[in-house]
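Heads up: the sequence shown is residues 6 to 214, going by the working numbering. For each residue, glycine too, the CB sits at the ideal point set by N, CA and C. In this text, all values refer to a predicted model and were calculated from it rather than measured experimentally. For reference, the structure is listed below as structure tokens.
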Amino acid sequence: MTSQRTRDRLVQRLRDNGIRNEAVLEQIRNVPRHLFVDEALASRAYEDTALPIGLGQTISQPWVVARMTEALLEGFSGETVLEIGTGCGYQTAVLAPFVKKIYTVERIPELMRKTRQRLYDLDIYNVQFRPGDGWEGWRKYAPYDGIIVAAAADELPEKLLQQLAPGARMIIPVGRTGYQDLLQVTRKDDHFEEVSLGAVSFVPLVHGK
Ligand code: SAH
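Structure follows, in structure tokens:
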């Protein structure tokens, strides 16, 4: 159920559904998604669906992770990425080999601690963790060469826009509960350019505590 064939089938499905970046697909094949969910759900880890991970949170659907990673990396230049909503760290693990450093922010400290250990156990070391509010970003290491947000914002977070380097892009679901619009926001000289990548469904990017 976590076999190579099961993983191959997932990758083929993502390819059939429009994921084009072969390096990203290879990474989806390599990351052991069954280690990011409870053992009871391991048999479903290579289905293309979001799954519950406890504390009211979910592991993102593989297609969404692949699409966001592909969109972020397209034309990516530089080294650093800010990730908001670490969760179980699956998106982090898929992205990690493509960038020099990921700064990741998660509001639930308990989740963050488990994820830090999990990524260590998988020999992923280029990630720096911070418990905190993603609406604030992480000013200390700004500006970032890319920003990826794994929870739905009800509006574009101003502070994240400010922490984007010139020419860099942010991938973020925007909208209210149910379905949101996955946006790619690029920082141009004097404005931000928005492109819609389609409808997605995320847990909300929570305001405050
Ligand atoms: N990236 C994960 C999915 C994360 S689900 C994966 O690869 O599967 C969204 C995460 O965002 C949850 O862990 C939730 O706790 C976190 N979150 C929600 N609001 C937040 C906020 N304001 N700041 C930081 N993290 C937040």
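Select from the options the residue whose C-alpha is nearest the C-alpha of residue i.
i      : options                           : result
Lys119 : Ala71, Gly59 and Trp68            : Gly59
Met249 : Asp128, Val132, Met73 and Gly183  : Only positions 6 to 214 of the chain appear in the structure, and residue 249 is not among them; the question remains open.
Gly151 : Leu46, Leu166 and Leu161          : Leu166
Gln62  : Tyr95, Tyr149 and Lys193          : Tyr95
Arg12  : Gly213, Leu30 and Glu198          : Leu30
Gly116 : Val104, Val211, Asp128 and Phe134 : First, the residue type needs correcting, since residue 116 is Leu and not Gly in the sequence shown. Of the candidates Val104, Val211, Asp128 and Phe134, the one whose C-alpha sits nearest the C-alpha of Leu116 is Phe134.
Arg121 : Phe41, Ala156, Leu46 and Ala50    : Phe41
Pro178 : Pro171, Leu187 and Ala170         : Leu187
Ala286 : Ala157, Glu199, Ala76 and His39   : Residue 286 falls outside the range modelled here, since the chain spans only 6 to 214, and no answer is possible.
Val211 : Asn22, Val190 and Ala157          : Ala157
Trp140 : Ile129, Val86, Gly213 and Asp21   : Gly213
Ala155 : Ile24, Tyr130, Val69 and Ile129   : Val69
Ser65  : Lys145, Ile33 and Thr85           : Ile33
Gly137 : Asp21, Leu56 and Tyr108           : Tyr108
Pro209 : Gly92, Arg14 and Asp21            : Gly92
Ala71  : Lys106, Glu44, Ile129 and Asp21   : Asp21
With burial defined as no fewer than 16 other Cβ atoms inside 10 Å of the residue's Cβ, what is the status of residue i: buried or exposed?
i      : result
Arg181 : exposed
Val16  : buried
Pro114 : exposed
Glu111 : buried
Thr7   : exposed
Thr54  : exposed
Gly142 : buried
Arg49  : exposed
Tyr149 : buried
Tyr184 : exposed
Gly90  : buried
Glu160 : exposed
Arg192 : buried
Glu84  : exposed
Ala101 : buried
Tyr51  : buried
Glu163 : exposed
Just verifying my parser: in three-state terms, what is the DSSP assignment at residue i?
i      : result
Gln66  : coil
Leu161 : coil
Arg121 : helix
Glu199 : strand
Val211 : coil
Pro37  : coil
Arg25  : coil
Thr109 : strand
Glu115 : helix
Arg79  : Residue identity differs from the one stated: residue 79 is Glu in this sequence, not Arg. Reduced to three states, the DSSP call for Glu79 is coil.
Ala204 : strand
Thr191 : strand
Val42  : coil
Arg144 : helix
Asp53  : coil
Gln135 : Contrary to the premise, residue 135 reads as Arg rather than Gln in this sequence. Arg135 falls in the strand class under three-state DSSP.
Which partner residues of residue i appear in the DSSP bridge assignment?
i      : result
Leu169 : Tyr149
Gln9   : Answer by DSSP bridge pairing: none, since Gln9 is not bridged.
Met175 : Ile152 and Val190
Ile89  : Val110 and Val154
Arg20  : Partner(s): none; Arg20 has no beta bridge.
Gly59  : Gln62
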